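Going left to right, the sequence shown walks through residues 1 to 664 as full-length UniProt numbering numbers them.
Ideal Cβ positions, reconstructed from N, Cα and C, are used throughout, including at glycine.
Owing to the predicted nature of the structure, the values given are computational and were not obtained by experimental measurement.
What follows is one structure encoded as structure tokens, with my remarks underneath.
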Amino acid sequence: MPGLVVFGRRWAIGSDDFVLPGAFELFVRLVWWIGILALYTVHKGQFNCPGGGLLHSYLLVLLILLASIICALCALVYISMQGTISNPGPRKSLPKLLYTRLLLYLPEFIWAVVGAVWVSDSSVHCEKTVINVVIGTVIASWVIIIFTIIGVVIVFDPLGGKKTFYLTDSVNRNLESSQSGQLLYNVKSTATRVWEKRIRLLCCCIVQDDDHRVAFTSIAELFRTYFSDTDLVPSDIAAGLILLHQEQDKMESCPKEPEEVLCHSPSSLVTDDLDIELDNAAHYMLFAAAAYGWPYYIYTNPFTALCKLNGDCCGNRPTDSDITGSDRHNFHFGSILKITGLQYRDFIHISFHNKIYEIPFFVALDHKKEAIVVAVRGTLSFEDILTDLSADCEDLTLEDVLENGFVHKGITQAANYIYRKLINDGILNQAFTIAPEYKLVIVGHSLGGGTASILAIMLRNSFPTLRCYAFSPPGGLLSKSLADYTKHFIVSVIVGKDLVARLSMPNMEDLKRRIVRIVANCNRPKYQILLRGCWYEVFGGDPDNFPTELDGRNEDALTQPLLAEESLMVRRSPSYNALEDESHLNSPPQYPHLYLPGKIIHVVEESSSRRLCSSDIKYTARWSNETVFSSILISPKMITDHMPDVVLKALNSLSQEHAPCLSC
Numbered sequence: 001m002p003g004l005v006v007f008g009r010r011w012a013i014g015s016d017d018f019v020l021p022g023a024f025e026l027f028v029r030l031v032w033w034i035g036i037l038a039l040y041t042v043h044k045g046q047f048n049c050p051g052g053g054l055l056h057s058y059l060l061v062l063l064i065l066l067a068s069i070i071c072a073l074c075a076l077v078y079i080s081m082q083g084t085i086s087n088p089g090p091r092k093s094l095p096k097l098l099y100t101r102l103l104l105y106l107p108e109f110i111w112a113v114v115g116a117v118w119v120s121d122s123s124v125h126c127e128k129t130v131i132n133v134v135i136g137t138v139i140a141s142w143v144i145i146i147f148t149i150i151g152v153v154i155v156f157d158p159l160g161g162k163k164t165f166y167l168t169d170s171v172n173r174n175l176e177s178s179q180s181g182q183l184l185y186n187v188k189s190t191a192t193r194v195w196e197k198r199i200r201l202l203c204c205c206i207v208q209d210d211d212h213r214v215a216f217t218s219i220a221e222l223f224r225t226y227f228s229d230t231d232l233v234p235s236d237i238a239a240g241l242i243l244l245h246q247e248q249d250k251m252e253s254c255p256k257e258p259e260e261v262l263c264h265s266p267s268s269l270v271t272d273d274l275d276i277e278l279d280n281a282a283h284y285m286l287f288a289a290a291a292y293g294w295p296y297y298i299y300t301n302p303f304t305a306l307c308k309l310n311g312d313c314c315g316n317r318p319t320d321s322d323i324t325g326s327d328r329h330n331f332h333f334g335s336i337l338k339i340t341g342l343q344y345r346d347f348i349h350i351s352f353h354n355k356i357y358e359i360p361f362f363v364a365l366d367h368k369k370e371a372i373v374v375a376v377r378g379t380l381s382f383e384d385i386l387t388d389l390s391a392d393c394e395d396l397t398l399e400d401v402l403e404n405g406f407v408h409k410g411i412t413q414a415a416n417y418i419y420r421k422l423i424n425d426g427i428l429n430q431a432f433t434i435a436p437e438y439k440l441v442i443v444g445h446s447l448g449g450g451t452a453s454i455l456a457i458m459l460r461n462s463f464p465t466l467r468c469y470a471f472s473p474p475g476g477l478l479s480k481s482l483a484d485y486t487k488h489f490i491v492s493v494i495v496g497k498d499l500v501a502r503l504s505m506p507n508m509e510d511l512k513r514r515i516v517r518i519v520a521n522c523n524r525p526k527y528q529i530l531l532r533g534c535w536y537e538v539f540g541g542d543p544d545n546f547p548t549e550l551d552g553r554n555e556d557a558l559t560q561p562l563l564a565e566e567s568l569m570v571r572r573s574p575s576y577n578a579l580e581d582e583s584h585l586n587s588p589p590q591y592p593h594l595y596l597p598g599k600i601i602h603v604v605e606e607s608s609s610r611r612l613c614s615s616d617i618k619y620t621a622r623w624s625n626e627t628v629f630s631s632i633l634i635s636p637k638m639i640t641d642h643m644p645d646v647v648l649k650a651l652n653s654l655s656q657e658h659a660p661c662l663s664c
């Protein structure tokens with residue numbers, strides 16, 4: 001629902017968000033009240049000890065105070081349970097109850113101080129059990145007060161004072177157009193500054209230069225644009241994701257049409273090609289995983305990695321001219337040796353240097369496949385995250401490429417950095433001098449996969465036989481023309497419902513639209529959605545029959561916004577055309593559609609298990625196309641399917657299954 005407005009500002013919490021925390025506090029307060037009542041009843045008439053009079057008054061007032069708080073909490077929880085996410089009408093009295101509950105914190109604070117003073121008084125010589133109970137009461141009071149303060153800080157919205165202007169239509173109607181424009185500009189500027197401060201705070205541990213400052217501003221603008229046009233609180237988004245997941249599972253459980261089944265039946269020629277590429281992908285995924293260095297090696301070998309690295313790494317370091325960047329204790333290079341199984345002499349160049357737009361990579365000789373492998377590391381540091389989030393589009397202009405197009409700005413700059421190192425520093429010349437008959441192969445996972453793809457485009461003219469294997473690359477990478485161009489030399493491998501492979505600004509806008517629509521269209525209270533959703537995610541079962549955006553509506557109706565939908569939009573969004581008065585179909589989008597690179601191999605589980613940890617998983621693979629990844633899928637495995645160890649495990653499983661076919 002729209003964020004709760006109290007004390008004249010909007011907060012990042014809804015009026016229906018007090019059910020679960022309120023019920024928990026209510027349980028604690030009831031147990032507390034019963035305990036104090038039992039203590040008071042048992043010791044009634046036994047307060048003749050020094051300080052006993054004050055103790056008697058303390059317990060009596062505490063009982064009354066707790067009873068008042070319990071009554072206020074009961075009313076607060078009951079009112080918060082009413083209505084739905086998009087219908088806050090039955091909860092209109094909640095702010096008054098919230099003021100009452102907050103007012104009760106004042107006497108509770110005073111009484112906690114009184115209890116602390118009484119306990120610390122050395123002249124008090126009452127029964128030890130009573131003193132311990134009072135100490136527990138004082139501690140409990142302070143814990144609840146502290147957690148309440150922390151909760152207030154968490155739900156505080158720095159833009160709350162600005163956003164309330166948009167929550168009342170009368171303000172906008174009475175403003176002159178120039179005043180309205182100035183107000184909107186001020187809100188945008190403030191929002192960008194707030195996001196920039198948040199990003200700077202998260203990245204406070206890294207050295208910040210001009211590149212960082214430019215990236216901070218660009219990323220802050222991106223977040224401001226994405227989050228500024230909805231009035232959803234975090235719990236609304238969680239409820240929307242739960243509803244989307246259950247709706248998605250219901251649709252997947254429906255039997256497929258015969259035509260849909262037939263379209264996935266490849267010819268034998270295509271199958272043979274797939275088997276070969278799967279074998280190559282399984283081999284080169286080792287290099288992509290090795291680029292992560294010791295974090296990946298320790299993650300996949302938690303009990304033995306440190307012992308092996310301490311024992312083997314000290315004597316296996318290349319000369320200083322072969323390595324750049326910091327590798328303390330030689331753990332990175334030792335891990336790369338362990339994972340790839342190569343010898344130290346097989347490495348031409350290793351770079352652990354890491355800054356924004358400058359990511360680590362290594363160049364090695366792969367004698368098994370007779371290839372010079374350039375392996376680019378994926379996201380592993382704050383600098384890499386900033387590179388990922390620099391999602392503006394820029395033109396990529398290359399000679400002899402018929403159709404140039406848009407590319408992801410941050411990843412393109414990272415590819416430019418590696419390109420300059422490989423060409424200007426003569427690294428590739430050195431490699432081909434050693435092995436002139438070898439072919440060039442570029443690999444990477446996640447951010448490394450995206451960087452490897454753009455790097456392959458840059459090197460394609462100089463090395464026509466080059467191949468690139470991009471494992472789980474970001475979805476918003478190349479424009480359609482460039483994506484089609486790369487189908488001749490790039491293979492992308494995606495596992496399951498990988499989130500990153502579906503990440504692009506248009507897909508994120510589509511996800512936001514679907515969340516707003518399904519939340520607005522659901523007639524269940526939020527607490528029921530969250531409780532049922534948690535049960536479904538942990539224990540499984542059948543998807544709940546919550547109404548969805550598809551129920552009882554034809555295709556035309558689905559293109560029109562619901563009334564409740566409009567209440568969840570702070571202002572008209574340029575990305576949400578259904579709510580605009582004027583059509584923007586003819587205007588260029590701020591974020592054009594970008595796609596995955598090359599030909600796409602989609603690896604999925606044959607019998608999808610809803611559990612995060614399951615053994616003996618069987619995989620199947622097929623050629624796919626970019627349209628399959630045009631929507632973000634909600635699943636417990638949307639993150640784990642992206643992890644390099646999961647990708648490697650899936651490819652190894654498929655490679656072993658298809659090994660007899662390849663030998664034939």
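- Beta bridge pairing from DSSP links N87 with T84.
- Each residue's CA atom was taken as its position, placing A305 and I298 some 5 Å apart.
- Judged by their CB atoms, S479 and A501 are not nearer to each other than the 9 Å cut-off.
- Between I639 and L499, the CB-CB gap stays under 9 Å.
- Looking only at Y469, T324, I199 and I350, the smallest Cα-Cα distance to L651 is reached by Y469.
- Taking a contact as a CB-CB distance under 8 Å, the pair A435 and A375 does not count as one, their CB atoms being some 16 Å apart.
- In the same chain as G14, and ignoring 5 residues on each side of it, the C-beta atoms closer than 8 Å to its own belong to M1, P2, G3, L4, I85, P88, V233, S235, D236 and K526, in chain order.
- With a cut-off of 8 Å on Cβ pairs, the stretch 528 to 543 is not in contact with the stretch 473 to 492, counting fewer than three such pairs.
- In this structure, F352 lies away from G449, with their beta-carbon atoms at least 9 Å apart.
- The alpha-carbon separation between K409 and L398 amounts to approximately 15 Å.
- Of the residues R460, L389 and A38, the one whose Cα lies closest to the Cα of I423 is R460.
- With contacts defined as CB atoms closer than 9 Å, F331 and I350 fail to qualify as a contacting pair.
- Using a 10 angstroms sphere on the CB of H367, the tally of other CB atoms stays under 16, which defines it as exposed.
- When only Cα atoms are considered, S381 and A72 end up about 47 Å apart.
- Under a 10 Å Cβ-count criterion, N523 is classified as exposed, with fewer than 16 other Cβ atoms of the shown protein chains found around its own Cβ.
- The continuous alpha helix (DSSP H) containing L422 extends over residues K409 to N424.
- The three-state reading of DSSP puts F352 in coil, since its state is none of H, G, I, E or B.
- In the DSSP assignment, W623 falls within the beta strand (DSSP E) that extends over Y619 to S624.
- Excluding the 5 residues flanking it on each side, L241 has same chain C-beta neighbours closer than 6 Å at I634, in chain order.
- Bounds of any alpha helix (DSSP H) do not take in A291, whose DSSP letter is neither H nor E.
- In the DSSP assignment, L531 falls within the alpha helix (DSSP H) that extends over K526 to F539.
- 9 Å or more divides the Cβ of T387 from the Cβ of I454.
- In this structure, the CA atom of R193 is about 52 Å from the CA atom of T433.
- It is roughly 17 Å from the alpha-carbon of R198 to the alpha-carbon of D211.
- Counted as a single uninterrupted DSSP element, the alpha helix (DSSP H) harbouring A520 occupies residues M505 to A520.
- If you draw a straight line from the Cα of R29 to the Cα of F156, it is about 25 Å long.
- In the DSSP assignment, G444 falls within the unbroken beta strand (DSSP E) covering K439 to H445.
- About 10 Å separates the beta carbons of I36 and L65, which is beyond the 8 Å limit, so they are not a contact pair.
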